[in-house]
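Engineer: Protein chains in written order, with the numbering used here: chain A, 15 to 239; chain B, 2 to 229; chain C, 346 to 568. Cβ atoms here follow ideal geometry from the backbone N, Cα and C, with glycine treated the same way.
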Amino acid sequence: MREKFIYVLGLLGALALVANMYNIFLVLPDEANQGAIYRIIFFHVPAAIIAFTFFFVALICSVAFLAFKSFKADAIAVASTEVGVVFALVNLVTGSIWGRNIWGIWWTWDYRITSMFVCVLLYLGYLIMRPAITDPTQRGTLSAVLSIFAFCDVPIVWFSIRWWRTQHPGPVLETGGLPHNMAMALLYNFIALLMIGTALVLVRLRSEHVQREIESLRRLALVEA
Amino acid sequence: MVAVDHVWKYFGDFPALRDVSLTVPRGACLALLGRNGAGKTTLLRILAGFSKPAKGTVTVAGAAPRDLAARAKVGYLGHGIAVWDELSAEENLRVFATLYGVDRAAIPVWLERVGLLRVREGLAREFSRGMRQRLAIARAFLHEPELLVLDEPFTSLDDRAIALLQNLLRDARARGASVIMSTHQLREALELASDVVLLKNGRVAHAGTRTQEMLDDPSWLYVRYGEG
Amino acid sequence: MSGVAAALAIARKDLRSELRSKEATNAAVSFALVILLILSFAFEPTGEETHAIAGGLLWIVFAFSGTLILNRTFARELQNDALEALIAAPVPGWALFLGKAVSSMAMMLVVELVSLPVFAIFYGVTLVWTVIPVILLGTWALVVVGVAFSALTVNVQLREVMLPLLIYPTLVPALIASMVLTGNLLDGQTFSGDNITWLRLLVGFDIIYTALAVSLIDIVLVG
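Given below as structure tokens:
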């Protein structure tokens, strides 16, 4: 039952994505200043929003784990964080390609990209620390605390880097205001990517569940021996 | 003094403690027996306030083990000696005196009792193993705890330290303190114990007073419950 | 039992222990000097550009050599299982944290006191009194985050590797603020205009993270 839901969700997301891509690449006109490359915005911007959505979900689940000791919450936290990091990387890579096309350089240190990079590092630390803790309860507890620290840092990082950039101006990736048909395309792609992202989180949840069962069976086997 | 009520503790999905209930009245000495992995250390760590049970309640002197009021009354002796190597014996005890709100005047008294007064200014890292153990004992008893939680205290103690510990435990019980200790040194522990609990795979397999049979044959309990 | 007395006892104990072994501060001071040396190869020490980035370089030295001290904060308690005794003692979590933070702060200041004049000499920088509050605030940010994460990783494998990985991204706002402020102040600027905003950011960061660390320390140590 659950598996079917994941497949359906993923399929719907993929179909929506294909439909969107048709729209984005073949229907919408080129933008005045940037030419064809601006189309990357339909992936670049939603990826960022989705990444932070999943980081926020991870925060909620982390707090839930600390409050209720629910391992389900812990599993959702790690799954969301992983998928969030993937989308953050999509944002970084598309931003890099965009910058290369517009400015001729692969990395522009634009304040948003820099901040996103710091966020990726924050959550990469979370993902690297988790396997280093063997006891599941301790793993959940420490990861939860780390997730809280990380999410609290996100707004501070954004503000500080943005403020720094106003004093050390550099290349900026202009997103600007969008005409209606483009704004709608952005929204549709956001929904499509969100569906795919959620499907990925659910898949990851299952593998986390299986992993934990294996761990506990192993522990049980060692004791009986 | 201590009430453990239907406590469960998990490590992931693995239950280390299953529905454990026991009480330790004032002045009693409970010997916690069981194979390695039976859950003895897990239970003692909960009593000392290092971890929390997943289900069930634990009260120490009427409060949760993590409460400051409860912690002030508990003396813990674990596997490590829990003293700082770069500090002298006296300085070590002075830190714990401050943490437990004990008058400094008690320090030389305790150093004397564990036979370390002469070397009070020696650094802990210069001590022999036996001296370090005795310092650890002083640390655990310094604040005249109402509950002593001892995890395999007789393992790796030399004869002098074992005799010292046995005397201190008797004195503590005489003034109304309770003791709960896990042990593999059945003879020494059963001599002191008033009650015995056997843990098997996280469950309480046997709980009762210490009987003459146990004294005569320290491994009686293990044999009875098929632990070999 | 007064939490403050407990915090001071813990800080005093850490400092006394460190004074006798000097394990962390020696390593940190040496490391700071080594970093200063290596940076001198990367950036021409008396050049114009280097003067402009002096603030940044100084905080690189502090931040990197600082991990050697911050890593030891809770790791030193693992010896002999002393950490258990501290957790079992009737010390409120905030007192344990503050005691550790104060002792780490003192050790960091020792390292900075040594490396600051060396830095001024190597890079031809004139020190001004106004950098003192910035160094104190910035170091406190390092210490608060470092001690909190030291507690977090005390039982984690690969602790020494994990700590820098975790604290540097978290410290980005504080490091930026400290670097910019130090650079501006060394350049002759005063606490006005933009510098006030940076100062506010640094103070805000310190307050938020001190509050976070103090409230979460019990969960981190006991679970």
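Could you tell me how far apart the beta carbons of residue 161 (chain A) and residue 15 (chain B) are, in whole angstroms, since I believe they sit closer than 8 Å?
Structural biologist: Wrong, their Cβ atoms sit about 25 Å apart, outside the cutoff.
Engineer: Anyone know if the C-beta pair for residue 91 (chain A) and residue 75 (chain A) falls short of 7 Å?
Structural biologist: A contact, by the Cβ cut-off of 7 Å.
Engineer: In its own chain, which residues sit with a C-beta less than 8 Å from the C-beta of residue 174 (chain A), not counting the 5 before and 5 after it?
Structural biologist: Once the five neighbours on either side are set aside, residue 174 (chain A) has no close Cβ partner at all.
Engineer: Given residue 195 (chain B), which residues of its chain have a CB within under 7 Å of its CB, disregarding the five upstream and five downstream residues?
Structural biologist: Excluding positions up to five away in sequence, the list reads 29, 30, 210 and 211.
Engineer: State yes or no: is the C-beta of residue 495 (chain C) nearer than 6 Å to some heavy atom of the ligand HEM?
Structural biologist: By its list of ligands, the structure shown contains no ligand whatsoever, and the ligand HEM lies outside what it can speak to.
Engineer: Would you say residue 15 (chain B) faces chain A, with C-beta separation under 7 Å as the test?
Structural biologist: So yes, residue 15 (chain B) belongs to the interface.
Engineer: Which class does residue 204 (chain B) belong to by DSSP, given the choice of helix, strand or coil?
Structural biologist: DSSP places residue 204 (chain B) in strand when its eight states are reduced to three.
Engineer: Cβ atoms of residue 126 (chain B) and residue 172 (chain B): under 7 Å apart, would you say?
Structural biologist: Not in contact: residue 172 (chain B) and residue 126 (chain B) (Cβ atoms no closer than 7 Å).
Engineer: List the residues of chain B that residue 2 (chain A) touches, going by C-beta distances under 7 Å, in chain order.
Structural biologist: Nothing can be reported for residue 2 (chain A): it is not among the residues displayed for chain A, which extend from 15 to 239.
Engineer: Using CA coordinates, which residue listed in C:425, C:432, C:487 and C:380 is at the minimum distance from residue 52 (chain B)?
Structural biologist: It is C:432 whose Cα lies nearest to the Cα of residue 52 (chain B).
Engineer: Could you pull out every unbroken alpha helix (DSSP H) segment of at least 4 residues lying fully inside the region 101 to 173 of chain A, listed in chain order?
Structural biologist: List check, alpha helix (DSSP H) in window: 125 to 143.
Engineer: Taking Cβ positions only, does residue 358 (chain C) come closer than 7 Å to chain B?
Structural biologist: Yes, residue 358 (chain C) lies at the interface with chain B (some Cβ there is under 7 Å from its Cβ).
Engineer: Assign residue 120 (chain A) to buried or exposed, taking buried as 16 or more other Cβ atoms, counted over all protein chains shown, within 10 Å of its Cβ.
Structural biologist: Label assigned to residue 120 (chain A): exposed.
Engineer: If distances are taken between C-alpha atoms only, which option among B:135, B:144, B:59 and B:68 comes closest to residue 167 (chain B)?
Structural biologist: Minimum Cα distance to residue 167 (chain B) is reached at B:135.
Engineer: With the cut-off set at 7 Å, would you say residue 1 (chain B) and residue 117 (chain B) are in Cβ contact?
Structural biologist: In the structure as shown, chain B begins at 2 and stops at 229. Residue 1 (chain B) is therefore absent and cannot be evaluated.
Engineer: Check the Cβ of residue 55 (chain B) against every Cβ in chain A and list those closer than 9 Å, keeping chain order.
Structural biologist: Near residue 55 (chain B) (Cβ distances below 9 Å), the residues of chain A are 83 and 151.
Engineer: Between residue 229 (chain B) and chain A, is the shortest Cβ-Cβ distance under 7 Å, so that the two count as touching?
Structural biologist: In this prediction, residue 229 (chain B) has a pLDDT of 49, which is less than 50 and means its spatial position is unreliable; what the coordinates show is noted afterwards. Taking Cβ atoms only, chain A never reaches closer than 7 Å to residue 229 (chain B), which makes this a no.
Engineer: Specify the secondary structure class of residue 227 (chain B) as computed by DSSP and reduced to three states.
Structural biologist: Reduced to three states, the DSSP call for residue 227 (chain B) is coil.
Engineer: Thinking C-alpha only, which one of A:226, A:193 and A:227 is nearest residue 44 (chain A)?
Structural biologist: The option with the nearest alpha carbon to residue 44 (chain A) is A:193.
Engineer: Is residue 88 (chain B) helix, strand or coil when you go by DSSP?
Structural biologist: Coil at residue 88 (chain B), not helix or strand.
Engineer: Under 8 Å Cβ-Cβ, which residues of chain C neighbour residue 155 (chain A)?
Structural biologist: Under the 8 Å cutoff, chain C gives 564, 565 and 568.
Engineer: Specify, as a first and last residue, the run of the alpha helix (DSSP H) that residue 11 (chain B) falls within.
Structural biologist: Looking at the DSSP string, residue 11 (chain B) is not in any alpha helix (DSSP H); the run it does join, the beta strand (DSSP E), is 3 to 12.
Engineer: Using a C-beta to C-beta distance shorter than 9 Å, which residues of chain E count as neighbours of residue 135 (chain A)?
Structural biologist: Included in the structure are the protein chains A, B and C, with no chain E among them.
Engineer: Could you tell me whether any Cβ in chain C is nearer than 7 Å to the Cβ of residue 178 (chain A)?
Structural biologist: It does; some Cβ of chain C falls within 7 Å.
Engineer: Once DSSP output is grouped into helix, strand and coil, what is the label at residue 21 (chain A)?
Structural biologist: The answer is helix: DSSP assigns residue 21 (chain A) an H, G or I state.
Engineer: What does residue 160 (chain A) touch in chain C if you count any residue whose Cβ is under 8 Å from its own?
Structural biologist: Within 8 Å Cβ-Cβ: 497 and 511.
Engineer: When you compare the CB positions of residue 426 (chain C) and residue 81 (chain B), do they come within less than 7 Å of one another, or not?
Structural biologist: Yes, they are a contact pair.
Engineer: Considering only their Cβ atoms, is the gap separating residue 501 (chain C) from residue 419 (chain C) smaller than 7 Å?
Structural biologist: It is not a contact, given that the beta carbons lie outside the stated cut-off.
Engineer: Please list, in chain order, the chain B residues whose beta carbon lies closer than 7 Å to that of residue 362 (chain C).
Structural biologist: Going along chain B in sequence order, the residues near residue 362 (chain C) (Cβ under 7 Å) are 85, 87 and 88.
Engineer: Whose Cβ in chain C lies nearer than 8 Å to the Cβ of residue 147 (chain A)?
Structural biologist: Near residue 147 (chain A) (Cβ distances below 8 Å), the residues of chain C are 500, 501 and 502.
Engineer: Kindly indicate which three-state DSSP category residue 41 (chain B) falls into: helix, strand or coil?
Structural biologist: Residue state, collapsed to three classes: helix.
Engineer: Quick check: the region 502 to 521 of chain C against the region 119 to 137 of chain A, are at least 3 beta-carbon pairs closer than 8 Å?
Structural biologist: Contact between the region 119 to 137 of chain A and the region 502 to 521 of chain C is present, because at least three Cβ pairs lie under 8 Å.
Engineer: Residue 519 (chain C): which of C:549, C:387 and C:437 sits nearest, CA to CA?
Structural biologist: The candidate whose alpha carbon is nearest that of residue 519 (chain C) is C:549.
Engineer: Could you tell me the boundaries of the beta strand (DSSP E) in which residue 31 (chain B) lies?
Structural biologist: It spans 30 to 34 - the beta strand (DSSP E) in which residue 31 (chain B) sits, taken as one unbroken run.
Engineer: Apart from the five residues just before and just after residue 467 (chain C), which ones in its own chain have a Cβ nearer than 7 Å to its Cβ?
Structural biologist: So the list reads 381, 385 and 390, once near-sequence residues are dropped.
Engineer: Hey, would you say residue 74 (chain B) sits closer than 7 Å to residue 146 (chain B), going by beta carbons?
Structural biologist: The answer is yes: Cβ separation under 7 Å.
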